[in-house]
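A short worksheet on the structure shown next.
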Amino acid sequence: MIALPNVQDNSFVLTLFMPFKIFEAIKTREQVLEFFTKTFPDSIELIGREEIVNTFLSLKPLPLVTVKCQPYHVGDNCVIMGDAAHAMVPFYGQGMNCGFEDCLVFDQFMGKFDNDFGKTPFDLYRFS
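Note that full-length UniProt numbering gives residue 128 to position 128 of the sequence shown, counting from 1, and the numbers run on in steps of one.
In structure tokens, the structure reads:
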């Protein structure tokens, strides 16, 4: 469970991550309160019992999605990097850090081939 700050009204947006089978097993008000009492006891006082129960039972869990493209290049004309090549959930700067790593790896490819993009497709394909 994480809480992300909402600067517009100084509230928090709470997100709960767990396997779908756990969400599916919790069906009643009592099960919700039992789960939060055991797993996140401090959240009950902060959020409130009614808010926890009503929100948990009314919202459907959604999957975390990662998008991967392949190939990452079009011949010797274009290469995509960062979220254009592999979008992921926006937590902890993961997408940004992957984008920075893409730039570093691409720079290594370009250095290996004397900045001649036309010589890189095979290695770019292997990188894909």
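For glycine and all other residues, C-beta sits at the position ideal for the given N, C-alpha and C.
Quantities reported herein were computed from a predicted structural model and do not represent experimental measurements.
Contact set for residue i: own chain, Cβ-Cβ below 7 Å, skip 5 residues either direction
i   : result
F23 : P61
F40 : M1
Own chain residues within Cβ distance below 6 Å of residue i, not counting five before or after
i    : result
F56  : V32
F113 : K119 and T120
R29  : V53
L16  : M1
G95  : D83 and M88
Closest Cα partner of residue i within the set the options
i   : options                : result
A87 : F35, G99, L4 and F109  : G99
E20 : N115, Q70 and L64      : The identity of residue 20 in the sequence shown is Phe, whereas the question assumes Glu. Of the candidates N115, Q70 and L64, the one whose C-alpha sits nearest the C-alpha of F20 is L64.
D76 : V67, S11, D116 and M18 : D116
I47 : A3, T66, A85 and Q70   : A3
M18 : N97, F36, D42 and E45  : F36
Which residues DSSP lists as bridging residue i, in chain order
i   : result
C98 : None; C98 has no bridge partner.
N6  : S11
V74 : C78
Beta-carbon proximity list for residue i, same chain, < 8 Å, skipping 5 on both sides
i   : result
R49 : L33
Assumed close pair residue i, residue j - CB separation to whole angstroms, cut-off 8 Å
i   : j    : result
G82 : D102 : 6 Å
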